[in-house]
Structures are given as structure tokens and as C-alpha cells.
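First the structure, in the form of C-alpha cells, and then the observations on it.
In the working numbering, the protein residues as written are 18 to 323.
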């Protein structure tokens, strides 16, 4: 299996390029592949600090190929969604999309359509080097940032790490929190315990700010949430800890739906605010609430006009 180095990746160290372009691989594995000659650049062996050049052909074992590459060979160009259809903001550095409910961000076994697949189609143009900066669960809709080039990807990744990008979610929940506005600060168990040493702490700090917008007589709540930290399933787990699980969240406590509403998962990434790459100006983008979510609120008598 091989990939061609794009213009945007020219000058990047070989080990870093492999880390960014191969599937589920560690730096230890990368070093071994390079050392044993399983990675070749234009047919020749290179050291890990070699800097790749645009147009070079990098060969590597097929098992490390990203799933979306294989899937997208059979992924039709006229997929259910095109990147253009779900784009809600664009500048020279990034695209913000409104990810539809049910569309995965990454490929995998039996996953036919996904955001990575749409990006791969766009990246067939050598001028494009689109890459995801963060993720949303398959059944969470809403605002998602896609960087358009390496420099902006690095910029926005650092902004996420420094908590300079603000995300706001809306959730419909079963139950009403005792306190209507506040911080949820419950540590969350790390998801990948198998790779941890016995001496490592099994829990991570996790903080979510929330506000109850409206409740119904049947104890359904519309809650606005802003995750301060970014742990896996943080909002879902925190709401479950409050005994107010998200409607439709089978994994964390609620798989039913109120009467006359669709049986779906009700979490939407409603807003995202970030400093613009070109000048640092703060940009606020709102992602339209899905129709099924709006209809459920209407059925329940919940009003949200922000």
C-alpha cells in the first residue's frame, strides 16, 4: 500500500507523516517499520527524521491503511451528503460543517458513509489537505471544524488543547437537575484502560457547565451545556450522573422517547466559537437544530428562540 505526499506535507518528518496518515499506529511501531525497511520512500529506505517531499510515494504495510481509504474506493461521489451541502462556514483556513445525525466522523467495519470519506473525496484534488480537528459521536449532530491545511490544523489543535475554542450543546433529557445552573465536576474513568500502566490514575478530571433552559410537566428538560474539558462521552456521562440522561442514550441510561416524538438521540452541538487563524478575531458559528429535534421540542411544548 502507498500514499503520495501532498504539497502541504512537504518538509514534514517521515515518522510524523506516518503517524498522521496511518491507522491506529504508535511511534514505537513506526520506528520498527522504518528500522526494518517496511516503509519505503520512492523505493528507498529512509531514517525516521527524513523530511518527505511533495509527490514522493510512501509505501507501508496494508494493515495500517486507514479504513476510509479502502471504503472510499467504492464510495460513490454522489453520497447521501456532500461536504458542500453541510458546510455552514468557510474561510481560507477551515470549514465548519453541520454534521447530520447518524453520520460517523470516521470509517470502520460496516461503516459505509462518514466525514473522513467525504474529506478523502475532496483530498483527491492535490491542492486539498482537509483534516478533522475534533470529533462528534455518530448520533450527535452539529458544528464540526475541518482544517484546510497543515498550518491551520496545528493552530486549531493547539487552541482546543488550550481551551480557547468554546463549544455549546443542546440536550433533551429525562429528568430535571436539582440545581438549574451550575458546574458538573465529576472525574471520568479513562476509556482505554488496557493500554494504561498499573501506576497510572484511572480517572480524568471532567468539568461541564450547564443551564436548564426549560422543563415540562413530564420532567423532560432542555439543557444548554458547555464542556470545559474534552473527555470521551463527557456530556453524556455527566448528565447520566445527575440522573438526567439524554433521551435516546441507551448506553448511559435512557433508550425511550416521549410520546409522539421520534425515537432518536437528542444531543446537538449548537454553537462553536474560535479565534480566526488569519487575524485572531473571534468567530461564532451556529449550527441549525435538526428537524426531528425541533419537532420534538414543539411536541413537548418547549420553546428555544436563541
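Ideal placement from N, C-alpha and C gives every residue a C-beta, glycine not left out.
Since this is a predicted model, take the numbers as computed values, not measurements.
Sequence-distant residues of its chain with Cβ nearer than 7 angstroms to residue i (five each side left out)
| i | result |
| --- | --- |
| residue 181 | 292 |
| residue 221 | 204, 205, 207, 248 |
| residue 104 | 112, 114 |
Proximity winner among the options, relative to residue i (alpha-carbon distances)
| i | options | result |
| --- | --- | --- |
| residue 275 | 286, 263, 135 | 263 |
| residue 166 | 173, 159, 174, 147 | 147 |
| residue 236 | 194, 249, 224, 242 | 194 |
| residue 117 | 144, 132, 109 | 132 |
| residue 202 | 185, 244, 171, 173 | 244 |
| residue 200 | 241, 233, 127, 69 | 241 |
| residue 129 | 308, 98, 103, 105 | 98 |
| residue 272 | 322, 310, 190, 306 | 190 |
| residue 301 | 308, 185, 309, 197 | 185 |
| residue 68 | 105, 27, 53, 41 | 27 |
| residue 42 | 54, 53, 81 | 81 |
Residue j beta carbon less than 8 angstroms from that of residue i
| i | j | result |
| --- | --- | --- |
| residue 253 | residue 227 | no |
| residue 177 | residue 138 | no |
| residue 77 | residue 31 | no |
| residue 19 | residue 63 | no |
| residue 111 | residue 29 | no |
| residue 298 | residue 287 | no |
| residue 134 | residue 124 | yes |
| residue 160 | residue 256 | no |
| residue 169 | residue 294 | yes |
| residue 143 | residue 24 | yes |
| residue 318 | residue 233 | yes |
| residue 267 | residue 229 | no |
Residue i, buried or exposed, once every other Cβ within 10 Å from all chains shown has been counted against 16
| i | result |
| --- | --- |
| residue 261 | buried |
| residue 238 | buried |
| residue 44 | exposed |
| residue 313 | buried |
| residue 248 | buried |
| residue 153 | buried |
| residue 79 | exposed |
| residue 204 | exposed |
| residue 47 | buried |
| residue 114 | buried |
Contact set for residue i: own chain, Cβ-Cβ below 6 angstroms, skip 5 residues either direction
| i | result |
| --- | --- |
| residue 265 | 281, 282, 283 |
| residue 192 | 236, 260, 261 |
| residue 50 | 56 |
| residue 278 | 313, 316 |
| residue 216 | The predicted position of residue 216 is uncertain, since its pLDDT is 44 and thus under 50; no value can be drawn from it. |
| residue 172 | 294 |
| residue 306 | 285 |
| residue 136 | 147 |
| residue 106 | 113, 302 |
| residue 309 | 279, 281 |
| residue 258 | 203 |
Own chain residues within Cβ distance below 8 angstroms of residue i, not counting five before or after
| i | result |
| --- | --- |
| residue 59 | 73, 74 |
| residue 320 | 231, 314 |
| residue 90 | Residue confidence for residue 90 is low, a pLDDT of 45 falling below 50, so the modelled location carries little weight; the figure read from the coordinates is stated next. Answer for residue 90: no residue qualifies. |
| residue 251 | 205, 223, 225, 244 |
Nearest-angstrom Cβ-Cβ length linking residue i and residue j, presumed shorter than 8 angstroms
| i | j | result |
| --- | --- | --- |
| residue 183 | residue 101 | No, residue 183 and residue 101 are not in contact; Cβ-Cβ is about 26 angstroms, not under 8 angstroms. |
| residue 324 | residue 175 | Lying outside 18 to 323, the shown extent of the chain, residue 324 is not represented and no answer is given. |
| residue 66 | residue 22 | With a Cβ gap of about 16 angstroms, residue 66 and residue 22 do not count as contacting. |
Any chain B beta carbon closer than 8 angstroms to residue i
| i | result |
| --- | --- |
| residue 229 | Protein chains in the displayed structure number just one, and chain B is not present. |
Contact test: residue i Cβ vs the ligand ATP heavy atom, cutoff 7 angstroms
| i | result |
| --- | --- |
| residue 286 | Absent from the structure shown: the ligand ATP. Ligands present: none. |
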